[in-house]
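In what follows, a single structure is set out as structure tokens and then discussed.
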Amino acid sequence: MPSGTIDLDETVPFSLYHTLHSGQAFRWQVHDGVWTGVVRDTVITLAQTGQRLSFGHTNPDLIRNYFHLDLDLDAVLRSISIDPYITHAVREGYGLRIVRQDPWECLISYIASANMKAVTTNARLEVLAGRWGEAIPSDEGEFHQIPAPEVVAEIGVAALRVCGFGYRARLMKAAAEYIIDHSDWETAIGAMDYHAAHARLTEIPGVGPKVADCVLLFGFNKYEAFPVDVHIRKIVGEAYFQGEGRSCQPIERQNCCTREFGRTYFGAYAGYASQYLFNKRFHRHSKLAVRTP
DNA sequence: ACCCAGGAGACGC
DNA sequence: GCGTCTCATGGG
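Using the working numbering, the first residue of the first sequence is number 1, and each one after it goes up by one.
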């Protein structure tokens, strides 16, 4: 089983904790500083000491790709640190990197996350993978992939409801069927610009503006996407609109305004700004990482 | 009991 | 196009 270390240059911002604890990717667990998770069809273990990243059960290329270590994050963070509030958020979560998730896993995960707590979503996805996902042999125990679209479509709404997805079950099945009928979706959306890709994604059942932005940001690395959820809406309202003014508008209107504000205000890497703002509020409340399998 | 969670779809207007 | 209601499920 291959394993090794990556010694990052001092100029490369990287915090394993903030990256995996920020709520962007589901299914990661940590015990005694060692993170374990499934990336596509591989079980990965990770630990960080200073600028040294130790990993097991994979190869350096997969690690570099997953954490996008070639991205000049320092330059990105400088480009979004345009006011005291975001600058403080960047300092607090310094080294958080947006990872490259599998687009399908990202899609089905965020469809499932709608109007549900992240920790609950995480538990549901583990049940789904455990019951219906392909097993991955590992020294760390039994792990499973998120089932492919064909499997999600075949097991049907009833099986998905048993996993606890509630009313989202029919949307997950419909989304899986859409993906099966549009097998080129990944390359097609990857080749589109932000606006076209966002419009195309919202054609998928269960995908609205927020989920589309999450999939573009986490699954396709289109960094101008600025996902707006209840937290980001509150944060942006408090930090940039004095907590008033827009609060009298309906939620959908606020979300749309906040999304446009974020993209135009923070620029090409607005998605990074959203993650640092989200992390600032989210990470101290999260239970994602302390749950045991 | 009531409210909320990394929202989206189906309505009526 | 915009506003409102509803949708499972669990935890505070």
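Ideal Cβ positions, reconstructed from N, Cα and C, are used throughout, including at glycine. Because the structure is a prediction, the values reported are computed rather than measured.
Per DSSP, what kind of secondary structure is residue i in: helix, strand or coil?
i: residue 225; result: coil
i: residue 81; result: coil
i: residue 204; result: coil
i: residue 88; result: helix
i: residue 55; result: strand
i: residue 180; result: helix
i: residue 153; result: helix
i: residue 148; result: coil
i: residue 25; result: coil
i: residue 292; result: Because residue 292 sits at a pLDDT of 31, beneath the cut-off of 50, its placement in the model cannot be relied upon, and the following sentence gives the value as read from the coordinates. Note: residue 292 maps to coil in three-state DSSP.
i: residue 14; result: coil
i: residue 143; result: strand
i: residue 169; result: helix
Could you give the distance in angstroms between the alpha-carbon of residue i and the alpha-carbon of residue j?
i: residue 24; j: residue 275; result: 8 Å
i: residue 139; j: residue 131; result: 20 Å
i: residue 7; j: residue 53; result: 6 Å
i: residue 213; j: residue 198; result: 7 Å
i: residue 186; j: residue 135; result: 24 Å
i: residue 217; j: residue 225; result: 6 Å
i: residue 62; j: residue 72; result: 18 Å
i: residue 18; j: residue 93; result: 6 Å
i: residue 104; j: residue 179; result: 9 Å
i: residue 209; j: residue 113; result: 14 Å
i: residue 160; j: residue 167; result: 10 Å
i: residue 282; j: residue 91; result: 15 Å
i: residue 4; j: residue 98; result: 22 Å
i: residue 125; j: residue 28; result: 11 Å
i: residue 58; j: residue 191; result: 28 Å
i: residue 266; j: residue 273; result: 7 Å
i: residue 163; j: residue 9; result: 43 Å
i: residue 196; j: residue 182; result: 16 Å
Below 8 Å on the Cβ atoms is my contact criterion, and I expect residue i with residue j to pass it. Report the Cβ-Cβ distance as a whole number of Å.
i: residue 231; j: residue 261; result: Their Cβ separation, rounded to whole angstroms, is 15 Å, which puts residue 231 and residue 261 out of contact at 8 Å.
i: residue 297; j: residue 46; result: Summary: the structure shown does not reach residue 297, with the chain confined to residues 1 through 293, and so no result is reported for it.
i: residue 66; j: residue 239; result: That pair is no contact at about 31 Å.
i: residue 269; j: residue 80; result: 6 Å
Which stretch, first to last residue, makes up the beta strand (DSSP E) that contains residue i?
i: residue 34; result: 34 to 39
i: residue 62; result: No beta strand (DSSP E) contains residue 62, which is instead part of the alpha helix (DSSP H) from 60 to 66.
i: residue 47; result: 42 to 49
i: residue 3; result: 3 to 7
i: residue 30; result: 29 to 31
Return the residue from the list the options that minimises the CA-CA distance to residue i.
i: residue 302; options: 134, 177, 160, 116; result: Outside the displayed range of the chain (1 to 293) lies residue 302, so it cannot be described from this structure.
i: residue 107; options: 121, 162, 97; result: 121
i: residue 220; options: 271, 254, 263, 171; result: 271
i: residue 133; options: 34, 257, 201, 42; result: 42
i: residue 259; options: 22, 228, 182; result: 228
i: residue 11; options: 75, 36, 30, 67; result: 75
i: residue 110; options: 146, 67, 268; result: 146
i: residue 235; options: 222, 207, 250, 254; result: 254
i: residue 123; options: 83, 205, 26; result: 26
i: residue 206; options: 156, 170, 143, 128; result: 170
i: residue 299; options: 215, 250, 263; result: Outside the displayed range of the chain (1 to 293) lies residue 299, so it cannot be described from this structure.
i: residue 156; options: 142, 141, 175, 143; result: 175
Ends of the alpha helix (DSSP H) at residue i?
i: residue 239; result: 230 to 240
i: residue 119; result: 118 to 132
i: residue 98; result: Taken as a continuous stretch (DSSP letters only), residue 98 belongs to no alpha helix (DSSP H), as it is neither H nor E.
i: residue 10; result: Where residue 10 is concerned, there is no enclosing alpha helix (DSSP H), given that its DSSP letter is neither H nor E.
i: residue 190; result: 185 to 191
i: residue 262; result: 251 to 266
i: residue 70; result: Segment: none, residue 70 is in no alpha helix (DSSP H) and carries neither H nor E.
i: residue 279; result: 270 to 282
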